[in-house]
Amino acid sequence: MPKNSSMSESLANLIPAFSGKDGENITFWITQIKQIATLENWNKDKKAIVLKLHCRDNALKFLIEDPIASKENDFDNLAELLIKKFEKKQSFQEIQRQFSTISQKQNQSVKDLANEVSMVADKYVNVENTNQNCDSILKENLKLTKFLEALKPDISLEVKKFGPKDLKSALAHAINIESALEQSCDNSTNNISNVDIHNILKENLMKDQLIADLNKKNK
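Residue numbers (full-length UniProt numbering): 1 to 219.
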């Protein structure tokens with residue numbers, strides 16, 4: 001009974017069911033789950049369970065009958081399978097607008113933002129270009145540029161100081177900075193200075209430099 005009471009108070013109840021019918025936005029639905037999961041600190045297992053329990057009609061049928069989806073229990077993989085199955089075809093103009101308006105939302109983690117940027121950039125490049133040889137370089141440049149642009153200003157400013165060359169390295173720095181900002185919020189006031197951020201980042205920066213040196217030696 002206590003567990004049921006706890007679930008009744010969860011923000012999971014705010015997540016609408018997804019049926020896979022016309023007019024529903026699978027990407028937005030997945031994003032809702034991710035945002036609530038972040039707020040309530042769900043683990044991957046709970047995210048996968050909530051996703052499955054909120055599927056209805058065509059979506060539920062797909063999870064049960066598809067040979068791959070029926071055996072999948074990882075949230076990220078399930079989300080990817082559902083997106084591939086139910087995402088509506090978009091025009092280039094729609095994808096371009098979606099890409100240009102990406103920005104980090106209030107409760108969105110930098111990791112989720114990077115995933116969003118990566119997913120939309122893949123669609124953007126695939127629609128715009130038929131030459132697959134240039135896709136990889138173009139995608140990586142677009143992802144890095146857009147990620148830095150979409151980050152919250154305080155995080156973006158700090159990440160740019162490291163001069164990241166790709167999305168992966170930018171995300172690694174952003175995660176450290178996000179963690180530092182959260183520590184500052186927990187330990188002090190509403191006002192966070194750059195000095196405070198740099199003090200918290202010192203240890204992480206040393207680790208990053210050691211990793212970078214090791215990577216250079218291994219090349």
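Note that CB positions come from ideal geometry on N, CA and C, so glycine has one too.
Checklist entry - Which two residues bound the contiguous alpha helix (DSSP H) that contains S156? => result 153 to 160
Item to check | Distance, I177 Cα to K161 Cα | outcome: 12 Å
Checklist entry - Where A170 and L63 are concerned, what is the direct C-alpha to C-alpha distance, given to the nearest angstrom? => result 35 Å
Item to check | Inter-residue Cα distance where the pair is K71 and L157 | outcome: 43 Å
Checklist entry - W29 lies in the alpha helix (DSSP H); which residues open and close that run? => result 26 to 40
Item to check | Contact check, I83 vs I30, beta carbons under 8 Å | outcome: yes
Next on the checklist: I'd like to know whether the C-beta atoms of K52 and I33 end up nearer to each other than 8 Å.
Outcome noted: no
Checklist entry - What do you get for F147, buried or exposed, if any count of 16 or more other CB atoms within 10 angstroms of its CB means buried? => result buried
Item to check | Same chain, Cβ closer than 7 Å to T130, five either side skipped, listed in chain order | outcome: Residue placement at T130 is poorly supported in this model, since its pLDDT is 48, which falls under 50; the coordinates still yield a value, given next. The answer is none, since no qualifying residue turns up.
Checklist entry - What is the rounded straight-line gap between the Cα of N43 and the Cα of I49? => result 10 Å
Checklist entry - By Cβ distance below 7 Å, which residues in the same chain neighbour S6 in space, the five residues on each side in sequence not counted? => result Its pLDDT being 45, under 50, S6 is placed unreliably by the model, and the measurement read from it follows with that caveat. Cβ within range, chain order: n/a, list empty.
Checklist entry - Where E80 and C55 are concerned, what is the direct C-alpha to C-alpha distance, given to the nearest angstrom? => result 14 Å
Next on the checklist: Quick check on the burial criterion: 16 or more other C-beta atoms within 10 angstroms. Buried or exposed for E182?
Outcome noted: exposed
Checklist entry - In whole angstroms, what separates the C-alpha of I175 from that of F86? => result 31 Å
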